[in-house]
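Read the structure below first, then the notes.
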Ligand SMILES: [Zn+2]
Ligand SMILES: [Zn+2]
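In full-length UniProt numbering, the protein residues as written are 1 to 294.
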């Protein structure tokens with residue numbers, strides 16, 4: 001749970017991660033603070049880009065619409081008739097595939113049989129796993145997850161073989177089983193990196209998603225909008241989805257506001273104070289219930 005989601009007491013300022021209406025310290029009224037930050041949004045976008053890569057390259061789908069929700073997330077609407085006709089189980093299989101669930105490396109020639117072990121140029125998960133392990137081995141010194149999983153001695157072993165992995169996978173160099181599960185752990189890290197960690201709410205109501213486009217999100221005042229595939233990499237919701245103008249400036253009474261970024265400006269932090277703000281920045285706090293019109 002990110003640090004910008006919490007409940008704060010309006011009387012004494014006490015914060016807690018737990019949902020509560022009354023402050024545990026003074027009994028005062030609390031308000032829920034649920035912000036969006038560029039780090040989380042960027043991470044969400046990276047997961048979306050991975051999902052699109054699966055759609056395009058593994059499923060051969062090119063016709064879909066990406067939209068920003070106006071708050072924390074994106075939607076991907078697939079329009080292909082073949083997909084729309086799929087039943088629940090088939091949809092679940094797609095979800096399992098893109099999230100890397102239940103991947104069994106035994107089915108991919110690991111432990112290595114020289115003829116069938118995954119190679120960097122392989123399609124689908126095989127190539128993803130091979131390239132992922134390559135990257136992890138090449139960066140073995142810098143990956144702290146690896147240190148936690150394997151310990152210093154095995155990390156050193158990986159480092160010493162890293163140059164050997166540059167041009168082709170050297171699965172046979174990795175220890176397997178027992179106490180030193182280098183192969184298993186590298187593969188599972190690699191699967192985790194390549195999987196698209198998405199909120200897997202799959203809906204058939206594409207029209208609902210499209211109706212939302214170009215409306216204002218009631219939790220932020222940001223624009224819910226379609227983002228073209230070409231613009232997605234550059235798209236920054238906190239800049240590009242700001243829908244309201246700066247004028248008129250509004251004076252609001254802010255109960256509590258952490259620092260937040262919007263329209264390339266930084267606002268806050270504030271506690272119990274009147275604040276004169278550009279319209280979009282004021283509406284943002286009003287929508288979040290963190291301020292009232294003064
Ligand atoms: Zn309190
Ligand atoms: Zn965040």
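All C-beta atoms in this analysis are idealised placements derived from N, C-alpha and C, irrespective of residue type, glycine included.
This structure is a prediction, so every number in the text was calculated from the model and none was measured.
I need the boundaries of the alpha helix (DSSP H) containing residue i, first residue and last residue.
i	result
residue 42	38-53
residue 231	Per DSSP, residue 231 belongs to no alpha helix (DSSP H) and is neither H nor E.
residue 116	From DSSP, residue 116 is part of no alpha helix (DSSP H); its letter is neither H nor E.
residue 133	124-138
residue 160	144-161
residue 5	Not the alpha helix (DSSP H): residue 5 falls in the beta strand (DSSP E), residues 5-9.
residue 250	Note, residue 250: premise wrong, no alpha helix (DSSP H); beta strand (DSSP E) at 250-257.
residue 238	237-240
When you compare only the Cα positions, how much space is there between residue i and residue j?
i	j	result
residue 28	residue 279	30 angstroms
residue 138	residue 163	7 angstroms
residue 62	residue 52	9 angstroms
residue 252	residue 271	12 angstroms
residue 88	residue 97	14 angstroms
residue 255	residue 269	11 angstroms
residue 228	residue 234	10 angstroms
residue 245	residue 282	11 angstroms
residue 103	residue 94	13 angstroms
residue 148	residue 11	42 angstroms
residue 247	residue 276	11 angstroms
residue 2	residue 106	36 angstroms
residue 18	residue 286	23 angstroms
residue 289	residue 224	19 angstroms
residue 7	residue 178	46 angstroms
residue 189	residue 274	49 angstroms
residue 185	residue 4	32 angstroms
residue 193	residue 187	10 angstroms
residue 295	residue 181	Since the first and last residues shown for the chain are 1 and 294, residue 295 lies out of range.
Looking at the unbroken beta strand (DSSP E) that takes in residue i, where does it start and where does it end?
i	result
residue 223	223-227
residue 275	270-277
residue 183	First-last for residue 183: 182-194, but that is the alpha helix (DSSP H), not the beta strand (DSSP E).
residue 90	That residue, residue 90, is in no beta strand (DSSP E); its alpha helix (DSSP H) goes 88-98.
residue 262	260-262
residue 32	30-34
residue 293	291-293
residue 84	Where residue 84 is concerned, there is no enclosing beta strand (DSSP E), although the alpha helix (DSSP H) it sits in stretches over 81-84.
residue 76	74-78
residue 68	64-68
residue 265	265-267
Would you kindly check if the distance between the Cβ of residue j and the Cβ of residue i is under 8 angstroms?
i	j	result
residue 135	residue 120	no
residue 25	residue 9	yes
residue 66	residue 232	yes
residue 183	residue 76	no
residue 250	residue 293	yes
residue 112	residue 171	yes
residue 108	residue 126	yes
residue 20	residue 30	yes
residue 116	residue 220	no
residue 368	residue 152	Residue 368 is absent from the model: the chain starts at 1 and stops at 294.
Between the region 56-75 and the region 142-162, can you find at least three pairs of beta-carbon atoms closer than 8 angstroms? no
Report all residues for which the CB-ligand distance to some heavy atom of ligand 1 is below 6 angstroms; order them along the chain. 9, 11, 12, 14, 23, 25, 26, 28
Any residue with its C-beta under 6 angstroms from a non-hydrogen atom of ligand 2 counts. Can you list them all in chain order? 2, 4, 37, 39, 40
Does the count of Cβ pairs from the region 35-48 and the region 189-201 closer than 8 angstroms reach three? yes
Kindly confirm or deny that the region 62-78 and the region 210-225 touch, where touching means at least three C-beta pairs closer than 8 angstroms. yes
Touching by the beta-carbon criterion (3+ pairs, under 8 angstroms), the region 79-86 and the region 239-257: no
Are the region 226-239 and the region 260-270 touching, with three or more C-beta to C-beta distances below 8 angstroms? yes
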